[in-house]
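The sequence shown begins at 144 in the working numbering and counts up by one. For glycine and all other residues, C-beta sits at the position ideal for the given N, C-alpha and C.
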Amino acid sequence: MTSSYLPEDQRRLLPPGAGPFERHVFVCVFGKTCPNEGAEAVHAAMKDMAKGRLGKHRGRGHKSGCLGQCGHGPMVAVYPDGVWYAHVRVEDVPEIVESHLEGGRPLERLLFRGHRIGNNALVKE
Ligand code: FES
């Protein structure tokens, strides 16, 4: 008996601790600033495109609460890579999906470069 909930043929694809999706994308849609900057549309585009291009078992786009970087959004975080993007627009989504989610190359021009570990919010959460 194993503790894994994945089918046997899929277990070998994931390194330990990677989680069930190859690329799991979180779009902040509930905080102070991202919702006013088009985050819902970014999420909708990301959800559709990640699932459509990678398949629902490999790529997922989910809504996230505030990621603690208010004012830099819409914020997008990709796991298990731990790569974060700032100021993402709907028109950026295809490039993120193609370069990062499919190609494994984070999109340099939108990378979030926080000033410190943790909260980099420009406005109070
Ligand atoms: S509102 Fe998106 S990081 Fe806070």
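When secondary structure is reduced to three states using DSSP, residue 205 falls in the strand class. At a threshold of 7 angstroms, residue 210 counts as near the ligand FES, since its beta carbon sits closer than that to one of the ligand's heavy atoms. At least 8 angstroms separates the beta-carbon of residue 202 from that of residue 169. With a cut-off of 7 angstroms, the C-beta of residue 216 is classified as near the ligand FES, since at least one heavy atom of the ligand falls inside that distance. For residue 215 and residue 264, the gap between their C-alpha atoms comes out near 8 angstroms. In this structure, the ligand FES has no non-hydrogen atom nearer than 7 angstroms to the beta-carbon of residue 257.
A residue is called buried when at least 16 other Cβ atoms come within 10 angstroms of its Cβ; residue 235 meets this threshold and is buried. Classified as exposed, residue 251 has fewer than 16 neighbouring CB atoms from the shown chains inside 10 Å of its CB. With a cutoff of 7 angstroms, residue 204 does not count as near the ligand FES, since its C-beta is closer than that to no heavy atom of the ligand. According to the DSSP assignment, residue 186 belongs to the alpha helix (DSSP H) that extends over 182 to 197. Between residue 241 and residue 217, the C-beta gap is not smaller than 8 angstroms, which leaves the two residues out of contact.
In this structure, the C-beta of residue 264 approaches the ligand FES to less than 7 angstroms from one of its heavy atoms. Under a 10 Å Cβ-count criterion, residue 231 is classified as buried, with 16 or more other Cβ atoms of the shown protein chains found around its own Cβ.
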